[in-house]
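Colleague: One structure coming up, written as structure tokens, with questions to follow.
Number of protein chains: 2
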Amino acid sequence: MGKTATIRDVAQRASVSTATVSRVLNDDAHVVEATRQRVMDAIADLRYSRNDVARSLKTRSSRIVGIVSPELTNDFFMGIANGIEAALKKLKYSVIICSSNESRDEEKRLLKVLVEKAVDGVIVIPASDKGSHLKPFQDAGMPIVLADRLVEDFEADAALSDNFGGAREVVAAFIRRGARRIAFIGGASRLSNARERFEGYRAALAEGGIEEEPGIERFGDFHMESGRALMKDLLGRENPPRAFFIANLYMHIGATSFLLSLPEAERRGIRIAGFDSMAYSPLLGFCTLAVEQRIAELGGEAARLIMDRIGKRDKPFPEIVRLPTRLVVTENER
Amino acid sequence: MGKTATIRDVAQRASVSTATVSRVLNDDAHVVEATRQRVMDAIADLRYSRNDVARSLKTRSSRIVGIVSPELTNDFFMGIANGIEAALKKLKYSVIICSSNESRDEEKRLLKVLVEKAVDGVIVIPASDKGSHLKPFQDAGMPIVLADRLVEDFEADAALSDNFGGAREVVAAFIRRGARRIAFIGGASRLSNARERFEGYRAALAEGGIEEEPGIERFGDFHMESGRALMKDLLGRENPPRAFFIANLYMHIGATSFLLSLPEAERRGIRIAGFDSMAYSPLLGFCTLAVEQRIAELGGEAARLIMDRIGKRDKPFPEIVRLPTRLVVTENER
DNA sequence: GCCGCCTATGTAAACGATTACATCGACGGC
DNA sequence: GCCGTCGATGTAATCGTTTACATAGGCGGC
Numbered sequence: 001m002g003k004t005a006t007i008r009d010v011a012q013r014a015s016v017s018t019a020t021v022s023r024v025l026n027d028d029a030h031v032v033e034a035t036r037q038r039v040m041d042a043i044a045d046l047r048y049s050r051n052d053v054a055r056s057l058k059t060r061s062s063r064i065v066g067i068v069s070p071e072l073t074n075d076f077f078m079g080i081a082n083g084i085e086a087a088l089k090k091l092k093y094s095v096i097i098c099s100s101n102e103s104r105d106e107e108k109r110l111l112k113v114l115v116e117k118a119v120d121g122v123i124v125i126p127a128s129d130k131g132s133h134l135k136p137f138q139d140a141g142m143p144i145v146l147a148d149r150l151v152e153d154f155e156a157d158a159a160l161s162d163n164f165g166g167a168r169e170v171v172a173a174f175i176r177r178g179a180r181r182i183a184f185i186g187g188a189s190r191l192s193n194a195r196e197r198f199e200g201y202r203a204a205l206a207e208g209g210i211e212e213e214p215g216i217e218r219f220g221d222f223h224m225e226s227g228r229a230l231m232k233d234l235l236g237r238e239n240p241p242r243a244f245f246i247a248n249l250y251m252h253i254g255a256t257s258f259l260l261s262l263p264e265a266e267r268r269g270i271r272i273a274g275f276d277s278m279a280y281s282p283l284l285g286f287c288t289l290a291v292e293q294r295i296a297e298l299g300g301e302a303a304r305l306i307m308d309r310i311g312k313r314d315k316p317f318p319e320i321v322r323l324p325t326r327l328v329v330t331e332n333e334r
Numbered sequence: 335m336g337k338t339a340t341i342r343d344v345a346q347r348a349s350v351s352t353a354t355v356s357r358v359l360n361d362d363a364h365v366v367e368a369t370r371q372r373v374m375d376a377i378a379d380l381r382y383s384r385n386d387v388a389r390s391l392k393t394r395s396s397r398i399v400g401i402v403s404p405e406l407t408n409d410f411f412m413g414i415a416n417g418i419e420a421a422l423k424k425l426k427y428s429v430i431i432c433s434s435n436e437s438r439d440e441e442k443r444l445l446k447v448l449v450e451k452a453v454d455g456v457i458v459i460p461a462s463d464k465g466s467h468l469k470p471f472q473d474a475g476m477p478i479v480l481a482d483r484l485v486e487d488f489e490a491d492a493a494l495s496d497n498f499g500g501a502r503e504v505v506a507a508f509i510r511r512g513a514r515r516i517a518f519i520g521g522a523s524r525l526s527n528a529r530e531r532f533e534g535y536r537a538a539l540a541e542g543g544i545e546e547e548p549g550i551e552r553f554g555d556f557h558m559e560s561g562r563a564l565m566k567d568l569l570g571r572e573n574p575p576r577a578f579f580i581a582n583l584y585m586h587i588g589a590t591s592f593l594l595s596l597p598e599a600e601r602r603g604i605r606i607a608g609f610d611s612m613a614y615s616p617l618l619g620f621c622t623l624a625v626e627q628r629i630a631e632l633g634g635e636a637a638r639l640i641m642d643r644i645g646k647r648d649k650p651f652p653e654i655v656r657l658p659t660r661l662v663v664t665e666n667e668r
């Protein structure tokens with residue numbers, strides 16, 4: 001198990017200089033076919049594999065983009081990561097995916113690590129509604145792109161879903177299908193996309209001529225437990241609603257699991273319009289409508305944005321991309 | 335936006351040599367407190383950040399471990415990745431997570447990329463039951479650890495669940511709770527963990543004095559669609575079983591979603607024992623029992639194995655770790 | 001007071017690639 | 001036949017660290 005071969009070994013074996021080897025490695029023109037072939041043979045013989053670390057040092061480009069996600073075990077975030085990875089693969093870029101565990105401090109620490117690793121850029125799915133801790137990195141020249149949501153005190157390119165439009169569309173469709181009194185369950189309105197979805201809901205109500213009823217609007221935190229608690233809460237009040245718009249998938253799961261714990265009679269006739277659908281959505285028995293985000297495309301756009309920003313670091317203004325959502329009539333309704 | 339500061343700039347500003355700066359950066363002893371302080375100040379003043387690429391080049395260690403997973407959008411695999419990341423973080427290691435998209439060729443390509451990136455080791459969750467394409471990398475000196483399952487034609491350290499024991503335990507419990515005629519739905523028996531789970535099921539039947547009935551044993555491919563189809567198939571036969579052991583979560587979801595599409599009367603009394611549980615498991619309404627894998631620990635063990643292997647590359651034999659599972663009585667049963 | 005040793009620090013050579021610049025033929029135009 | 005040009009290849013500096021080795025005080029023992 002000798003040391004791995006270097007470009008010098010290859011050069012020697014092919015009787016050329018390292019410059020020439022490097023040229024064939026990088027598909028440079030200006031190298032005649034015969035030479036190229038000799039080099040290729042030497043590479044194969046020696047099982048040479050280029051050392052990208054050395055390459056990165058010299059070229060000051062690691063061809064790596066960092067992704068910081070609040071969680072790893074979340075199909076929505078990983079769907080975005082997937083979209084990013086697929087898009088970047090074509091450009092021979094790789095991706096380092098890190099979990100901030102929904103902590104702002106960890107997010108900051110990860111940025112520091114990624115800077116040390118000399119990634120060419122970072123795509124952040126923010127863990128909170130704050131962004132000030134990202135600023136120093138951006139100021140130091142690190143390209144940063146936001147995905148899924150915006151944050152306070154920080155401006156950057158961003159790839160987002162049209163949360164407002166999606167919510168409005170699904171609630172409007174819900175109304176067309178006869179729902180009148182529609183409760184809202186969603187994330188804290190301090191978070192950009194939660195707020196946008198809530199506003200979309202309100203817009204649809206207004207356009208449908210339905211009076212808003214603040215008593216049946218509940219805000220939680222994007223987690224199952226929260227969805228479960230809010231559903232319980234709403235059903236526990238006097239004259240409970242029977243139709244719900246639940247603006248987040250995990251809250252939707254939690255709410256549904258609460259419904260399943262009720263006696264058959266109590267839950268009959270309950271209908272839900274949701275946001276997002278995933279592999280396990282067929283299990284969401286009360287769901288009749290949902291809007292899907294174009295998750296992979298969202299990742300693809302984030303990838304495009306980061307590459308643009310890497311390419312020309314002084315693009316004047318942040319570019320915000322809004323992806324349309326898609327209305328889905330759930331099978332469950334039939 | 336000047337160039338970022340280097341160790342030389344820091345050295346100059348602190349009036350020491352680069353060697354000394356490097357020493358304080360690496361917590362080397364042999365540097366007196368006053369000097370250390372001066373260096374720290376210079377680092378802060380210049381907002382110096384170490385260039386890990388150069389460090390890696392010199393030390394021949396990138397402090398990065400690659401993870402190759404068949405999918406990103408899969409909470410089970412990402413749970414493992416999470417466990418790995420958490421364990422490695424303590425050792426100042428980072429992680430590159432890549433998706434092989436369940437393709438062996440892509441798996442191979444990723445290994446090549448990771449070798450170029452000079453990762454210190456790779457943890458592979460195999461995309462198939464074949465492993466021969468991993469051998470050349472191992473032979474070339476790359477530490478490789480398997481997670482979740484074993485493969486043919488390739489020997490390496492591995493972190494696995496006790497699939498046999500887990501399946502046996504849950505099926506035995508199922509029998510104790512009155513199930514007699516238990517159908518099997520699982521992955522192709524060519525895959526190591528699918529086979530092990532099937533054998534666990536058979537063992538439990540044998541121990542419970544229940545005769546095996548090959549007609550109600552079905553093998554699919556670990557996906558929702560497959561679970562759905564097999565459930566449909568089993569229920570479509572004459573004298574269909576009412577109790578099922580479904581040896582994989584996604585098949586379980588698929589099977590459940592088929593049940594939900596049936597009229598109430600037809601699905602009444604059906605009971606399922608499952609493998610794994612996740613955030614959305616409360617939605618699996620027919621499930622009464624499940625075994626949980628210790629997913630995070632599995633990742634932690636994989637991390638330990640890879641670090642061991644990185645430390646002493648010539649450990650004689652592959653080490654196989656089997657993690658116990660945990661029986662869970664599902665809320666749904668109450 | 002000298003010697004040896006130990007501790008803090010400096011010097012400079014790597015690590016393995018890329019690439020600006022130099023070189024060297026060959027070839028075509030006149 | 002000479003010169004200019006251009007295409008293929010080589011030479012060697014460089015990227016930012018780490019680290020083996022050198023050095024230089026300082027101090028204790030005798």
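Chains as they are written, first to last, in the numbering used here: chain W, 1 to 334; chain E, 335 to 668. All C-beta atoms, glycine included, are put in the ideal place defined by N, C-alpha and C.
Please list the residues of the segment 15-26 of chain W that have a C-beta atom closer than 9 Å to any C-beta atom in chain E, keeping them in chain order.
Modeller: none
Colleague: Could you say which of E:492, E:420 and E:509 lies nearest to residue 483 (chain E) if we only look at CA atoms?
Modeller: Counting from 1 along the second sequence, the entry for residue 483 (chain E) is found at position 149. Nearest option by C-alpha distance: E:492.
Colleague: Would you call residue 358 (chain E) buried or exposed, if buried means 16 or more other Cβ atoms sit within 10 Å of its Cβ?
Modeller: What you label residue 358 (chain E) is simply residue 24 of the second sequence in a count that begins at 1. Buried: at least 16 other Cβ atoms inside 10 Å.
Colleague: Tell me, please, whether the segment 538-556 of chain E touches the segment 508-521 of chain E by the rule of three or more beta-carbon pairs shorter than 8 Å.
Modeller: Yes, they touch.
Colleague: Would you give the residue range spanned by the alpha helix (DSSP H) that residue 225 (chain W) belongs to?
Modeller: If you number the first sequence from 1, residue 225 (chain W) lands on position 225. Its alpha helix (DSSP H) spans residues 224-236.
Colleague: Go through its chain and collect everything with a Cβ distance to residue 317 (chain W)'s Cβ below 6 Å, but skip five positions before and after it.
Modeller: As a first step, residue 317 (chain W) is located in the first sequence; it is residue number 317 there, counting from the start. The answer is none, since no qualifying residue turns up.
Colleague: Shortest alpha-carbon distance to residue 557 (chain E) belongs to which of E:639, E:362, E:404 and E:597?
Modeller: The count along the second sequence starts at 1 and reaches residue 557 (chain E) at position 223. Of the listed residues, the one whose Cα sits closest to residue 557 (chain E) is E:404.
Colleague: Give a yes or no on whether 7 Å exceeds the smallest Cβ distance from residue 646 (chain E) to chain W.
Modeller: In the second sequence, residue 646 (chain E) corresponds to position 312, counting from 1. Judged by the 7 Å Cβ criterion, residue 646 (chain E) is not in contact with chain W.
Colleague: Rounded to whole angstroms, what's the CA-CA distance from residue 639 (chain E) to residue 617 (chain E)? Just pull it up for me.
Modeller: Position 305 of the second sequence holds residue 639 (chain E). Position 283 of the second sequence holds residue 617 (chain E). Using only the alpha carbons, I get a separation of about 35 Å.
Colleague: Since residue 345 (chain W) and residue 246 (chain W) are thought to touch, with beta carbons under 8 Å apart, how far apart are those beta carbons, to the nearest angstrom?
Modeller: Missing from the structure shown is residue 345 (chain W); chain W here goes from 1 to 334 and no further.
Colleague: What do you get for residue 597 (chain E), buried or exposed, if any count of 16 or more other CB atoms within 10 angstroms of its CB means buried?
Modeller: Taking the first residue of the second sequence as position 1, residue 597 (chain E) is located at position 263. Classification of residue 597 (chain E): exposed, given that the 10 Å Cβ count is below 16.
Colleague: List the DSSP bridge partners of residue 152 (chain W).
Modeller: Translated into positions along the first sequence, residue 152 (chain W) becomes position 152. Looking at the DSSP assignment, residue 152 (chain W) forms a beta bridge with W:130.
Colleague: Could you tell me which residues DSSP pairs with residue 337 (chain W) in its beta bridges?
Modeller: Residue 337 (chain W) lies beyond the stretch modelled for chain W, which goes from 1 to 334, so this question has no answer here.
Colleague: With a Cβ-Cβ cutoff of 7 Å, do residue 11 (chain W) and residue 46 (chain W) count as a contact?
Modeller: For the purposes of this step, residue 11 (chain W) is identified with residue 11 of the first sequence, where counting begins at 1. For the purposes of this step, residue 46 (chain W) is identified with residue 46 of the first sequence, where counting begins at 1. Contact flag unset, no.
Colleague: Mind checking whether residue 100 (chain W) and residue 118 (chain W) have CB atoms under 7 Å apart?
Modeller: Here residue 100 (chain W) refers to the residue found at position 100 when the first sequence is read from its first residue. Here residue 118 (chain W) refers to the residue found at position 118 when the first sequence is read from its first residue. Contact: no.
Colleague: Tell whether a beta-carbon distance below 7 Å holds between residue 450 (chain E) and residue 242 (chain W).
Modeller: In the second sequence, the residue the question calls residue 450 (chain E) occupies position 116. In the first sequence, the residue the question calls residue 242 (chain W) occupies position 242. No.
Colleague: Who does residue 605 (chain E) pair with in a DSSP beta bridge?
Modeller: Counting from 1 along the second sequence, the entry for residue 605 (chain E) is found at position 271. According to DSSP, which records beta bridges pairwise, residue 605 (chain E) is partnered with E:577.
Colleague: For residue 452 (chain E), which of helix, strand or coil comes out of DSSP?
Modeller: By 1-based counting over the second sequence, the position of residue 452 (chain E) is 118. Three-state DSSP puts residue 452 (chain E) in coil, outside helix and strand.
Colleague: For residue 232 (chain W), which option in W:261, W:61 and W:303 has the closest C-alpha, if you only look at C-alpha atoms?
Modeller: What you label residue 232 (chain W) is simply residue 232 of the first sequence in a count that begins at 1. The shortest C-alpha separation from residue 232 (chain W) is found at W:261.
Colleague: Does the segment 84-92 of chain W come close enough to the segment 130-140 of chain W that 3 or more CB-CB pairs lie under 8 Å?
Modeller: Under the Cβ criterion (8 Å, minimum of three pairs), the segment 130-140 of chain W does not count as touching the segment 84-92 of chain W.
Colleague: If you draw a straight line from the alpha carbon of residue 487 (chain E) to that of residue 458 (chain E), how long is it in whole angstroms?
Modeller: Residue 487 (chain E) sits at position 153 when you count from the first residue of the second sequence. Residue 458 (chain E) sits at position 124 when you count from the first residue of the second sequence. Spanning the two alpha carbons is a distance of roughly 15 Å.
Colleague: Quick check on the burial criterion: 16 or more other C-beta atoms within 10 angstroms. Buried or exposed for residue 370 (chain W)?
Modeller: Given that chain W is displayed from residue 1 to residue 334, the structure contains no residue 370 (chain W) and the question cannot be resolved.
Colleague: Between which two residues does the alpha helix (DSSP H) holding residue 157 (chain W) run?
Modeller: Numbered from 1 along the first sequence, position 157 holds the residue referred to as residue 157 (chain W). Counting along the chain, residue 157 (chain W) falls outside any alpha helix (DSSP H), though it belongs to the beta strand (DSSP E) covering 157-161.
Colleague: Using a Cβ cut-off of 8 Å, pull out every chain E residue sitting near residue 50 (chain W), in sequence order please.
Modeller: Locating residue 50 (chain W) in the first sequence gives position 50, where the first residue counts as 1. For residue 50 (chain W), the residues of chain E that pass the 8 Å Cβ criterion are 450, in the order they occur in the chain.
Colleague: Report the neighbours of residue 447 (chain E) on chain W: residues whose CB is nearer than 7 Å to its CB, in chain order.
Modeller: Here residue 447 (chain E) corresponds to residue number 113 of the second sequence, with the count starting at 1. Within chain W, the residues 94 have their CB atoms less than 7 Å from the CB of residue 447 (chain E), given in chain order.
Colleague: Hey, is residue 616 (chain E)'s beta-carbon within less than 7 Å of any beta-carbon in chain W?
Modeller: Locating residue 616 (chain E) in the second sequence gives position 282, counting from the first residue. For residue 616 (chain E), the answer is yes, since a Cβ of chain W falls inside 7 Å of its Cβ.
Colleague: Counting only Cβ-Cβ distances shorter than 8 Å, please list the residues of the segment 204-231 of chain W near chain E, keeping chain order.
Modeller: Taking 8 Å as the Cβ-Cβ cut-off, the segment 204-231 of chain W approaches chain E at 224, given in chain order.
Colleague: Could you tell me whether any Cβ in chain W is nearer than 7 Å to the Cβ of residue 619 (chain E)?
Modeller: If you number the second sequence from 1, residue 619 (chain E) lands on position 285. It does; some Cβ of chain W falls within 7 Å.
Colleague: With a threshold of 16 other CB atoms inside 10 Å of the CB of residue 192 (chain W), please say whether the residue is buried or exposed.
Modeller: As a first step, residue 192 (chain W) is located in the first sequence; it is residue number 192 there, counting from the start. Buried, since its Cβ has 16 or more Cβ neighbours within 10 Å.
Colleague: I need the DSSP call for residue 294 (chain W), collapsed to helix, strand or coil.
Modeller: Against the first sequence, residue 294 (chain W) aligns to sequence position 294. Looking at residue 294 (chain W) - three-state DSSP - the assignment turns out to be coil, as it is neither helix nor strand.
Colleague: The ligand GDP and residue 27 (chain W): does the residue's C-beta get closer than 6 Å to at least one heavy atom of that ligand?
Modeller: Judged by which ligands are present, the structure shown has none, so any question about the ligand GDP falls away.
Colleague: Taking the alpha-carbon positions, what's the residue 562 (chain E) to residue 584 (chain E) distance?
Modeller: Translated into the one-based positions of the second sequence, residue 562 (chain E) becomes position 228. Translated into the one-based positions of the second sequence, residue 584 (chain E) becomes position 250. Their backbone Cα atoms lie some 10 Å apart in a straight line.
Colleague: What does residue 44 (chain W) reach in chain E if we use C-beta pairs closer than 8 Å?
Modeller: On the first sequence, position 44 is the one that residue 44 (chain W) refers to. Within 8 Å Cβ-Cβ: nothing; residue 44 (chain W) doesn't reach chain E, min ~12 Å.
Colleague: To the nearest angstrom, how far is the alpha carbon of residue 225 (chain W) from that of residue 259 (chain W)?
Modeller: Mapped onto the first sequence, residue 225 (chain W) falls at position 225. Mapped onto the first sequence, residue 259 (chain W) falls at position 259. Cα to Cα, the separation comes out at about 13 Å.
Colleague: Which of the three DSSP states, helix, strand or coil, is assigned to residue 6 (chain W)?
Modeller: Within the first sequence, the letter at position 6 stands for residue 6 (chain W). Three-state result, residue 6 (chain W): coil.
Colleague: Is any beta-carbon of chain W found at less than 7 Å from that of residue 437 (chain E)?
Modeller: Within the second sequence, the letter at position 103 stands for residue 437 (chain E). Cβ-Cβ to chain W under 7 Å: no for residue 437 (chain E).
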